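So the structure is just underneath, and the comments pick up after that.
Numbering (my numbering), first residue to last: 7 to 605.
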């Protein structure tokens, strides 16, 4: 573990030729029957080994694979591994770490490799020689480091379309499940077969800590004054952005792993777990961010309201299971009140997710920016899941109970289905594809087992491509604030007019008839169930549903109901599986780490 957090510092590059080579080893897994086998169309693993001319491995080098826009950082052996790649030609871009003696500001090295099913093993050796030139010592570009940290949020194991929602937030519930014949890796996560060696569990951990290292480095450079900034941001704002991002990343780790390793410096040598100190760090970072960030201008960067809501989410998490720090409910309510009326619900639900509405969106508070016009900036909408006949990989299925919840009369949901559908809730038509796609044309699917997720997918006449989508991921939006505020108000005071009004704002946006609004007379628990039902319909495929079930101690109940209705898809849930195990890679590298109970 220690080597992955060595001090990352800018050094004066030597005035000598730079010679390094990249050994690309392609190990094809086509036809294998391992547990990590994905879909039939995903057949390759790419290993990139980065070394300087004398064979010394280059750790901490950024290796980017395009298409796909995946960026990994080399380990102590100068190696990264890209798994489950489709066949085709890929561009490999290598940028050395600022800690490398061979580092040159702004210099990257480009290679090309083709994955072919005719070859079980493909090896590409490339040498790059830079001319001798004097390199002047310069301070690190803090703007570049900050931008790179934002970019890391787009990683497939963070908030790409195959990211948080697919590997954690919405599967393993009564919303969606993974086709067991499509991806053994994601299917095991959906079925709660959590193993410390699971590739996703290890890779999610790794990308979070690589991004955290960026934030720690940025904070240290600012504290020492060893940086340059062409954008001229105030020091307090730079600090606040790095601390906001660090809090976001650690909050993720807290929810996913329960007791992650706490690292606050690039020079940490003893890395252990301290849940209480970690929670203090998250709260302190967000309080600082709230006090020092710039006011909201666009959702693609941290702002005061983004910090206010994220801190409110953290307090809401702390008030529920497993901490039950119920005093935090009042703090959460205060945070959500601060952003009330600063934002508005979009009049049309589907417009929340449209690319052409990003600049005028009144609802998104913080989003992960995807843009095909930027280098390696595109996302993978439609690549992993989507309408049948459109998506490249048909991984995700819908729980029938989730679909049925949109119908005016639950009895109308049956197979075969009759069109037109008896549904007033217009969120259904943005979230559920009740059609298949043939030659770019939609055809109503009378067999409901052919219905698929639709959110983020606008024009099905344009086929999806790896790294070819510009739909942003809405990490924080106003509808979520309203539902969290309603949950908090209900938890503190029971059913109140305020709680009803908050959740009814969300319902009213998607219904023309007032008959669908919640009516007085519900118990406190009944209102909570209604709030969570609206969260499932409103925020599906945004990665927050399972977290809400966990904090309200309802995950086990929801899974039991799912298993009863879908005996062939039974999930192997146990009480300790509300979090993942600490990854095997971490256990093997760090003797100070204690595995989570039950694993």
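We treat Cβ as the ideally placed atom computed from N, Cα and C, and that holds for glycine.
Small disclaimer: the values here were computed from a predicted structure and weren't measured.
Assumed close pair residue i, residue j - CB separation to whole angstroms, cut-off 8 Å
i: residue 351; j: residue 490; result: That pair is no contact at about 14 Å.
i: residue 175; j: residue 484; result: The Cβ separation is near 19 Å, so there is no contact.
i: residue 607; j: residue 367; result: The chain is shown from 7 up to 605; residue 607 falls before or after that span and cannot be answered.
i: residue 590; j: residue 203; result: 5 Å
i: residue 355; j: residue 515; result: 6 Å
i: residue 598; j: residue 277; result: 6 Å
When the options are compared against residue i, the one with the closest alpha-carbon
i: residue 503; options: 445, 88 and 523; result: 523
i: residue 471; options: 73, 69, 50 and 56; result: 73
i: residue 542; options: 446, 405, 499 and 605; result: 405
i: residue 382; options: 70, 278, 50 and 51; result: 70
i: residue 265; options: 585, 244 and 460; result: 585
i: residue 210; options: 192, 275, 432 and 294; result: 192
i: residue 386; options: 76, 65, 314 and 50; result: 76
i: residue 271; options: 281, 260, 248 and 261; result: 248
i: residue 394; options: 189, 457 and 225; result: 457
i: residue 583; options: 190, 269, 263 and 97; result: 263
i: residue 113; options: 150, 84 and 90; result: 150
i: residue 348; options: 303, 90 and 364; result: 303
i: residue 531; options: 501, 161, 565 and 540; result: 501
i: residue 155; options: 576, 196 and 220; result: 220
i: residue 329; options: 363, 341, 374 and 282; result: 282
i: residue 255; options: 432, 598, 212 and 581; result: 212
i: residue 579; options: 565, 236 and 573; result: 565
i: residue 274; options: 236, 223 and 401; result: 223
Pairwise C-alpha distance: residue j and residue i
i: residue 55; j: residue 67; result: 10 Å
i: residue 495; j: residue 449; result: 44 Å
i: residue 513; j: residue 238; result: 44 Å
i: residue 159; j: residue 144; result: 27 Å
i: residue 116; j: residue 307; result: 29 Å
i: residue 537; j: residue 545; result: 11 Å
i: residue 172; j: residue 549; result: 8 Å
i: residue 378; j: residue 478; result: 11 Å
i: residue 391; j: residue 454; result: 16 Å
i: residue 412; j: residue 429; result: 6 Å
i: residue 85; j: residue 78; result: 9 Å
i: residue 437; j: residue 403; result: 12 Å
i: residue 604; j: residue 587; result: 8 Å
i: residue 452; j: residue 464; result: 22 Å
i: residue 28; j: residue 63; result: Only weak support is given to the placement of residue 28: the predicted model assigns it a pLDDT of 36, under 50, and the question is left unresolved by the model.
i: residue 252; j: residue 294; result: 12 Å
i: residue 553; j: residue 493; result: 13 Å
i: residue 508; j: residue 540; result: 11 Å
i: residue 80; j: residue 216; result: 10 Å
i: residue 459; j: residue 439; result: 6 Å
i: residue 207; j: residue 561; result: 20 Å
i: residue 497; j: residue 227; result: 43 Å
i: residue 488; j: residue 343; result: 10 Å
i: residue 89; j: residue 336; result: 45 Å
i: residue 399; j: residue 232; result: 46 Å
i: residue 110; j: residue 241; result: 25 Å
Same chain, Cβ closer than 6 Å to residue i, five either side skipped, listed in chain order
i: residue 372; result: 305, 312, 481 and 482
i: residue 301; result: 310
i: residue 87; result: 53
i: residue 473; result: 73, 74, 75 and 384
i: residue 407; result: 180
i: residue 339; result: 494
i: residue 317; result: 292 and 341
Neighbourhood of residue i by C-beta distance below 8 Å, restricted to the same chain and skipping five residues each side
i: residue 326; result: 556, 557, 558 and 559
i: residue 447; result: 467
i: residue 170; result: 164, 258 and 549
i: residue 297; result: 246
i: residue 185; result: 193, 400, 401, 402 and 403
i: residue 375; result: 156, 160, 306, 383 and 478
Minimum Cβ-Cβ distance from residue i to chain B less than 8 Å
i: residue 408; result: The structure shown contains no chain B, having only a single protein chain.
Sequence-distant residues of its chain with Cβ nearer than 7 Å to residue i (five each side left out)
i: residue 519; result: 430
i: residue 183; result: 177, 196, 403, 405 and 575
i: residue 600; result: 279
i: residue 162; result: 76, 168 and 169
i: residue 424; result: none
What alpha helix (DSSP H) runs, 4 residues minimum, are completely inside the region 413-465?
-> 433-437
Note down, one range per segment and in chain order, each beta strand (DSSP E) of at least 3 residues found wholly within the region 65-90.
-> 68-72 and 76-79
Sequence ranges, beta strand (DSSP E) only - wholly within the region 375-407, length at least 3 = 402-404
Within the region 137-214, ranges of the alpha helix (DSSP H) (whole runs, at least 4 residues) = 148-158 and 190-196
Alpha helix (DSSP H) runs wholly inside the region 500-586, at least 4 long, in chain order = 503-515, 530-544, 551-557 and 561-571
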